[in-house]
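I have placed the structure first, in the form of structure tokens, so that the comments after it can refer back to it.
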Amino acid sequence: MNKQFILSKEQKKIIDKDGFIIFPPNNFVLKNLKKIHKILENLITKEKSKAGWEGKEEYYKKGKPFEKGARRLGNLINKNDIFKELIVLPEIAQTSEYMVNNDIKIGAVDFRDPLIGTGNQILHIDWLPRTKHKDPFESVLVQIVLDNTNKTNGPLRVVPGTHKKLGWPDDHIKNVNLTHKKEKLVFLKKGSIVVINGNLWHGGTGNISGNKRRIILIDIRNRNLPQLLNQKKYIDKKVLNNLNEYQKYLLGVRDIDKNQKEKSFGSGQAYRMKYGRKRD
Ligand SMILES: [Fe+2]
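For the sequence shown, my numbering gives the first residue as 91, with consecutive numbering after it.
Take a look at the structure:
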């Protein structure tokens with residue numbers, strides 16, 4: 091693991107300008123890739139349609155996938171020791187802290203793999219839009235890439251620089267389903283890590299070939315915000331006792347860390363809390 095990593099001036103410029111940054115294949119991820127694939131595939135087989143429902147259990151019905159058209163897993167920290175090693179890769183915390191300009195907290199470590207003929211997402215942001223230019227950025231999405239991505243297996247699309255825009259993408263463009271003239275498809279080598287400002291317009295594209303496009307998704311927010319999945323509630327004592335102090339800090343599971351009453355807290359809840367109503 092590259093413990094010496096320090097975000098450079100150049101990298102900070104890219105993050106400011108584009109709203110995302112790609113780190114080349116990480117040695118630790120590459121070294122463990124086979125093992126990670128095996129663990130994830132075994133979990134998918136074991137959990138079947140129950141996979142990915144952590145935090146939203148009340149919506150589960152027998153046989154109903156968490157996301158139609160994608161294989162999903164949730165709460166990975168609790169499921170195998172390898173995942174707690176991934177969250178401490180220094181690029182992730184340093185970039186996230188730089189993006190939100192504050193301390194951070196990891197709120198979910200999940201898995202996603204779009205299936206053939208699906209995976210198409212509208213251009214969206216992962217958090218509430220900013221309403222003033224001086225509003226801070228509060229959320230970060232990290233993708234650890236487990237398969238090479240190309241035009242045909244559902245690569246990520248982003249519109250560079252749009253994290254600076256105020257409001258929702260559909261305040262600016264008529265149809266968030268369509269290809270944006272400034273959008274870029276991001277082709278990545280397995281082992282890469284992409285760190286994305288939660289306010290950047292982005293989306294998955296359709297997987298045409300059916301080749302796997304597996305990623306680990308890490309949801310990170312300003313430390314003051316509730317977590318996407320309440321880690322204190324969802325991490326078992328045995329797993330918790332095996333985390334080091336830094337991992338406990340990042341996951342907000344130390345005794346001194348705030349208790350969160352919601353078992354999950356998404357952008358919809360944040361919107362209702364801020365505006366007292368659902369988004370129209
Ligand atoms: Fe997203």
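Glycine residues also receive a C-beta, built at the ideal position from the N, C-alpha and C atoms. Model, not experiment: these values are computed from the prediction.
Under DSSP, D326 forms no beta bridge with any residue. Per DSSP, K138 lies in no beta strand (DSSP E) and is assigned neither H nor E.
With a cut-off of 8 Å, the C-beta of G342 is classified as distant from ligand 1, since no heavy atom of the ligand falls inside that distance. In this structure, the alpha-carbon of H127 lies about 19 Å from that of S139.
C-alpha of L133 to C-alpha of L179: approximately 23 Å in a straight line. The C-alpha of K323 lies about 10 Å from the C-alpha of S354. Partner residues in the beta bridge of P204, as assigned by DSSP, are A160.
Q317 counts as buried, since at least 16 other C-beta atoms from the protein chains shown sit within 10 angstroms of its C-beta. Bridge partners of N243 according to DSSP: N297. For L231, the shortest separation between its Cβ and any heavy atom of ligand 1 lies below 8 Å.
By the Cβ criterion, the stretch 112-123 is not in contact with the stretch 263-275, since fewer than three pairs of Cβ atoms, one from each stretch, lie closer than 8 Å. Here G153 carries a coil assignment [DSSP, helix/strand/coil]. The continuous beta strand (DSSP E) containing F113 extends over residues F110 to F113.
Cβ-Cβ distances below 8 Å link L205 to G159, A160, R161, N297 and G300 in the same chain, with the five nearest sequence neighbours on each side left out; the list follows chain order. Under the three-state reduction of DSSP output, H127 falls in the helix class.
Of E100, E137, L315 and R304, the smallest CA-CA separation from A360 is found for L315. Put simply, the backbone Cα of E100 is about 10 Å away from that of D106.
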